[in-house]
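Asker:
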Amino acid sequence: MKISEIAQILNAEICTRNHDNDVNIISACSADLMSDVMAFSKENAMLLTGLINPQVIRTAEMMDIKVVVFVRGKKPLDNMIQLAEERGIALLATDYPLFTASGLLYSKGIQGRGDGK
Amino acid sequence: MSTKIIRDYIIPADDFAVAGEASSDVRKILSQLGVSPNILKRTSIAMYEAEINAVIHGHGGKAHVEIDENKVFIVISDEGPGIEDLELAMQEGYSTAPDSIREMGFGAGMGLSNMKKHADLLEIDTQVNKGTTVYITVYFQ
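Protein sequences, first through last, are from chains A and B. The numbers in my numbering rise by one with no breaks, and the one at position 27 of the first sequence is 28. The numbers in my numbering rise by one with no breaks, and the one at position 131 of the second sequence is 132.
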């Protein structure tokens with residue numbers, strides 16, 4: 002799934018400019034604990050979270066996560082946008098809560114893990 | 002790669018805005034050397050967790066990194082309070098981090114177990130009131 006399609010499904014604002022529009026996302030994880038993202042996330046290229054701080058972008062970088070969606074109407078800070086743009090990570094912001102945002106993407110085919118589980 | 006690459010970093014205390022800079026830089030170097038994505042991710046996670054721990058618990062510290070053709074060797078040291086019960090601290094979910102750290106997305110008690118999971122070798126030297134040094138080795142093959 003392309004970033005533009007994700008943005009459409011979640012009615013989300015795309016906050017970054019220089020990300021790769023052609024990246025194809027097939028799986029995601031949803032978490033507010035970054036250590037859990039690093040402990041349990043496998044081949045996920047997208048993270049949904051309600052956490053706002055620069056460590057979200059750092060975690061995404063370490064995990065090869067290409068897209069971060071901020072939920073519950075939260076907006077990334079300027080320093081987060083800058084950090085993400087330097088690393089080619091796309092940041093999206095949606096008003097949907099975490100559960101609903103995850104469910105909407107799941108119902109459109111985004112999986113929980115890279116291996117289809 | 003015939004020569005060894007050596008890097009040293011200062012990890013500032015309690016500065017969440019720059020926490021992760023050292024890990025990010027090492028990741029960049031390894032990526033440029035063509036290290037495989039899996040090894041890159043494992044190294045990044047282990048080092049980043051250690052770096053975050055130094056920021057959270059150790060009042061900042063230092064990182065020393067050596068990369069040769071076979072492996073990356075990372076030493077993260079702090080002069081913080083040390084770990085009282087290392088066996089307990091290694092258990093998933095055990096944490097002494099305050100709520101302020103949990104609000105940052107860490108302090109879930111996964112840091113040390115994440116390091117162990119992703120490093121090929123992990124050694125921890127710790128002394129109460131003296132500090133903690135973590136030695137991480139990841140092999141490229």
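All residues carry an ideal CB built from backbone N, CA and C; glycine is no exception. Here the structure is a predicted model, which is why all the values come from computation and not from measurement.
Do residue 70 (chain A) and residue 102 (chain A) have their CB atoms nearer than 8 angstroms?
Answerer: The answer is yes: Cβ separation under 8 angstroms.
Asker: Suppose you measure from the CA of residue 20 (chain A) to the CA of residue 91 (chain A); what does that come to, to the nearest Å?
Answerer: Rounded to whole angstroms, residue 20 (chain A) to residue 91 (chain A) spans 5 angstroms at the Cα level.
Asker: How about residue 107 (chain B): is its C-beta nearer than 8 angstroms to some C-beta of chain C?
Answerer: In the structure shown, chain C cannot be found, because the protein chains are A and B.
Asker: Taking DSSP as the reference, what is the three-state secondary structure of residue 18 (chain B)?
Answerer: If DSSP states are grouped into helix, strand and coil, residue 18 (chain B) belongs with coil.
Asker: Over the uninterrupted beta strand (DSSP E) stretch that includes residue 68 (chain A), give me the two end residues.
Answerer: Its beta strand (DSSP E) spans residues 68 to 71.
Asker: Does the Cβ of residue 112 (chain B) have 16 or more other Cβ atoms within 10 Å, making it buried, or fewer, making it exposed?
Answerer: Residue 112 (chain B) comes out buried.
Asker: Taking its Cβ as the centre, do 16 or more other Cβ atoms sit within 10 Å of residue 129 (chain B), making it buried, or is it exposed?
Answerer: Classification of residue 129 (chain B): exposed, given that the 10 Å Cβ count is below 16.
Asker: How about residue 137 (chain B) and residue 48 (chain B): do their beta carbons lie closer than 8 angstroms?
Answerer: Yes, they are a contact pair.
Asker: Enumerate in chain order the residues of its own chain whose CB-to-CB distance from residue 14 (chain A) is below 6 angstroms, with the five nearest sequence positions on each side excluded.
Answerer: Counting only Cβ-Cβ distances below 6 angstroms, and skipping sequence neighbours, we find 94.
Asker: Taking the straight line between their C-alpha atoms, what separation do you get for residue 36 (chain A) and residue 64 (chain A)?
Answerer: Using only the alpha carbons, I get a separation of about 11 angstroms.
Asker: Would you mind working out which of A:18, A:112, A:9 and A:53 sits nearest residue 75 (chain A), comparing C-alpha positions?
Answerer: Taking only the C-alpha atoms, the option nearest residue 75 (chain A) is A:53.
Asker: On the criterion of 16 or more Cβ atoms from any shown chain inside 10 Å, does residue 104 (chain A) qualify as buried, or is it exposed?
Answerer: Result: exposed.
Asker: Quick check on residue 31 (chain B): does DSSP put it in helix, strand or coil?
Answerer: Correct three-state label for residue 31 (chain B): helix.
Asker: Quick one, which residues of the region 86 to 99 of chain B are near chain A if we go by CB-CB under 7 angstroms, in chain order?
Answerer: Within the region 86 to 99 of chain B, no residue qualifies.
Asker: Mind pulling the beta strand (DSSP E) runs of 3 or more residues that sit fully within the region 49 to 106 of chain A?
Answerer: Listed in chain order, the complete beta strand (DSSP E) runs (minimum 3 residues) inside the region 49 to 106 of chain A are 68 to 71 and 91 to 94.
Asker: With contact counted as at least three CB pairs below 8 angstroms, one residue from each stretch, are the region 3 to 13 of chain B and the region 50 to 69 of chain B in contact?
Answerer: Touching, yes, given that three or more Cβ pairs across the two stretches are closer than 8 angstroms.
Asker: Count the other CB atoms, across all protein chains shown, that sit within 10 Å of the CB of residue 49 (chain A); report buried if there are 16 or more and exposed otherwise.
Answerer: With 16 or more other Cβ atoms within 10 Å, it is buried.
Asker: Do residue 10 (chain A) and residue 24 (chain A) count as a contact pair if the criterion is CB distance below 8 angstroms?
Answerer: In this structure, residue 10 (chain A) does not lie closer than 8 angstroms to residue 24 (chain A) by Cβ.
Asker: Are the CB atoms of residue 110 (chain B) and residue 79 (chain B) within a distance shorter than 8 angstroms?
Answerer: Not closer than 8 angstroms, so no.
Asker: With a floor of 3 residues, list each beta strand (DSSP E) that falls wholly inside the region 103 to 134 of chain B, ordered by position along the chain.
Answerer: If we require 3 residues or more, the beta strand (DSSP E) runs fully inside the region 103 to 134 of chain B come out as 122 to 128.
Asker: Does the beta carbon of residue 49 (chain B) sit closer than 8 angstroms to a beta carbon anywhere in chain A?
Answerer: Judged by the 8 angstroms Cβ criterion, residue 49 (chain B) is in contact with chain A.
Asker: Taking CB distances under 8 angstroms as the criterion, tell me whether residue 117 (chain A) reaches chain B.
Answerer: Confidence at residue 117 (chain A) is low in this model, with a pLDDT of 46, below 50, so the placement of that residue should be treated as unreliable; the coordinate-derived value is given next. By this cut-off, residue 117 (chain A) is not an interface position.
Asker: Taking residue 29 (chain A) and residue 106 (chain A) to be in contact with their CB atoms under 8 angstroms, please state how far apart those CB atoms are, rounded to whole angstroms.
Answerer: Residue 29 (chain A) to residue 106 (chain A), Cβ: 6 angstroms. Contact.
Asker: For residue 43 (chain B), which three-state DSSP category applies?
Answerer: Reduced to three states, the DSSP call for residue 43 (chain B) is helix.
Asker: Does any CB atom of chain A fall closer than 8 angstroms to the CB of residue 141 (chain B)?
Answerer: Taking Cβ atoms only, chain A never reaches closer than 8 angstroms to residue 141 (chain B), which makes this a no.
Asker: When burial is assigned at 16 or more other CB atoms within 10 Å of the CB, is residue 7 (chain B) buried or exposed?
Answerer: By the neighbour-count rule (16 or more Cβ atoms within 10 Å), residue 7 (chain B) is not buried but exposed.
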